[in-house]
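*Asks:*
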Amino acid sequence: MTIARETLSDLVVREIIGEIAQRHLREGDEIPSEGELSERHEVNRLVVREAIRILVARGVLASSQGRRARVAVPSPAVLGQILEFRLNQNSMDVRDLLSTRRVIEGELARRAATRIAAGQGSVAGAAQALEVMRESAEDSEAFVVADLAFHQAVAELASSEVFSFILAAMNGALLEARRASYRGRQRRGSGQGGTVEAHRLILDAITSGDAERAAAAMIGHLEETSRDLGLL
């Protein structure tokens with residue numbers, strides 16, 4: 001196995017990230033100038049500039065003409081682009097990604113129901129998304145958008161920033177799989193009624209505060225989605 005060597009820019013990237021953490025910098029805070037970073041890390045400005053470019057590409061920093069780079073909050077889209085690229089290059093198996101989604105979303109549904117049982121949060125967002133799904137069953141793009149909104153609403157209700165971030169990234173990577181699943185149901189003549197019903201069962205379990213039933217309903221729905229794609 002070939003071990004990639006760390007370049008000077010890679011080293012400065014790690015050190016800048018370390019400084020951001022040590023100094024507790026938040027979104028919008030400026031980092032030191034290129035000149036300061038160059039002196040501090042004993043490298044030339046081209047190395048610093050490349051390190052900043054890398055961090056901007058990763059969404060860690062934001063940069064604009066005439067201003068110092070500022071701390072940013074990486075978007076789930078950054079991870080989503082990586083996942084999508086890996087899928088397109090066949091270096092990642094869509095089955096593995098879908099099975100990972102089942103694990104994550106099953107837990108999110110469980111946590112969402114637990115919070116509702118404790119009198120925390122609201123199912124209003126998920127309920128609204130479900131209603132849009134019902135109304136747009138013959139409009140593929142509107143249906144897929146509402147489907148995404150439902151799952152994201154469950155994630156937000158579960159109040160797990162890590163899982164929500166990962167799910168948002170996976171949603172982008174699996175967008176075409178959602179569209180393919182919709183088309184498959186339409187071709188078979190089964191329509192979207194079964195999918196709407198599956199989401200209703202998830203919502204009912206969450207609303208009743210039944211954590212185990214919510215998790216089972218979510219996992220069952222996602223297993224059916226994999227079957228729609230011929231992956232189970």
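Here the sequence shown is numbered in UniProt numbering, starting from 1 and rising by one per residue. Glycine included, every Cβ here is placed at the ideal spot set by N, Cα and C. The model shown is predicted, which means the values in this text are computed figures rather than measured ones.
#1: Less than 8 Å between the CB atoms is what I'm expecting for S226 and L98, so what's the real figure, rounded?
#2: According to DSSP, what are the bridge partners of E223?
#3: Measuring straight from C-alpha to C-alpha, what distance separates A205 and E34?
#4: Taking Cβ to Cβ, would you say A118 is nearer than 9 Å to G209?
#5: Nearest by alpha-carbon distance to E30: which of R110, A69, A109 and V154 is it?
#6: Looking at C-beta atoms only, is the number of pairs between the region 125-135 and the region 146-154 that lie closer than 8 Å three or more?
#7: Quick one, which of R115, R185 and A177 has its alpha-carbon nearest S160's?
#8: Considering only residues of the region 61-110, which uninterrupted beta strand (DSSP E) runs meet the minimum length of 3 residues and lie entirely inside it, listed in chain order?
#9: With distances taken between CB atoms, is the gap from residue 234 to G59 smaller than 9 Å?
#10: Name the two residues that bound the continuous alpha helix (DSSP H) containing H199.
#11: How would you write the range of the alpha helix (DSSP H) that N171 sits in, first residue to last?
#12: Within a Cβ cutoff of 6 Å, which residues of the same chain sit near E107, ignoring the five residues on either side of it in sequence?
#13: In this structure, how does DSSP classify G119 when only helix, strand and coil are distinguished?
#14: When you compare only the Cα positions, how much space is there between A155 and F163?
#15: On the DSSP bridge assignment, give the partners of E30 in chain order.
#16: Count the other CB atoms within 10 Å of the CB of R188; is the residue buried (16 or more) or exposed (fewer)?
#17: Helix, strand or coil: which one does DSSP assign to L25?
#18: In three-state DSSP terms, what is A137?
#19: Can you find the residues in the same chain that come closer than 8 Å, C-beta to C-beta, to N44, ignoring five residues on each side of it along the sequence?
#20: Measuring alpha carbon to alpha carbon, tell me which residue in L174, R14 and E197 is nearest M92.
*Replies:* Let me lay it out:
#1: Locating residue 226 in the sequence shown gives position 226, counting from the first residue. Locating residue 98 in the sequence shown gives position 98, counting from the first residue. Contact between S226 and L98 holds, since their C-beta atoms are separated by about 5 Å, short of 8 Å.
#2: Against the sequence shown, residue 223 aligns to sequence position 223. Answer by DSSP bridge pairing: none, since E223 is not bridged.
#3: In the sequence shown, the residue the question calls residue 205 occupies position 205. In the sequence shown, the residue the question calls residue 34 occupies position 34. The straight-line gap from Cα to Cα measures roughly 54 Å.
#4: Position 118 of the sequence shown, counted from the start, is the residue given in the question as residue 118. Position 209 of the sequence shown, counted from the start, is the residue given in the question as residue 209. Result yes, Cβ atoms of A118 and G209 sit closer than 9 Å.
#5: Counting from one through the sequence shown, the residue named residue 30 turns up at place 30. Selected option, being the one with the closest Cα: A69.
#6: yes
#7: The residue you call residue 160 lines up with position 160 of the sequence shown. Taking only the C-alpha atoms, the option nearest S160 is R115.
#8: none
#9: A question about residue 234 goes unanswered here, because the residues of the chain that appear run from 1 up to 232.
#10: Position 199 of the sequence shown, counted from the start, is the residue given in the question as residue 199. Start and end: G193 to T207.
#11: As a position in the sequence shown, residue 171 is number 171, starting the count at 1. Counting along the chain, the alpha helix (DSSP H) containing N171 begins and ends at E161 to A173.
#12: Within the sequence shown, residue 107 is the residue found at index 107, counting from 1. Cβ within range, chain order: n/a, list empty.
#13: On the sequence shown, residue 119 is found 119 positions in, with the first residue counted as 1. G119 falls in the coil class under three-state DSSP.
#14: As a first step, residue 155 is located in the sequence shown; it is residue number 155 there, counting from the start. As a first step, residue 163 is located in the sequence shown; it is residue number 163 there, counting from the start. Near 7 Å, if we compare the C-alpha coordinates of F163 and A155.
#15: Counted from its first residue, the sequence shown places residue 30 at position 30. Partner(s): R70.
#16: On the sequence shown, position 188 is the one that residue 188 refers to. Classification of R188: exposed, given that the 10 Å Cβ count is below 16.
#17: As a position in the sequence shown, residue 25 is number 25, starting the count at 1. Three-state DSSP puts L25 in coil, outside helix and strand.
#18: On the sequence shown, residue 137 is found 137 positions in, with the first residue counted as 1. Assigned with DSSP and collapsed to three states, A137 falls in coil, not helix or strand.
#19: If you number the sequence shown from 1, residue 44 lands on position 44. Correct list, in chain order: S38.
#20: Start at 1 with the first residue of the sequence shown, and residue 92 comes out as number 92. For the set L174, R14 and E197, the Cα lying nearest the Cα of M92 is the one of L174.
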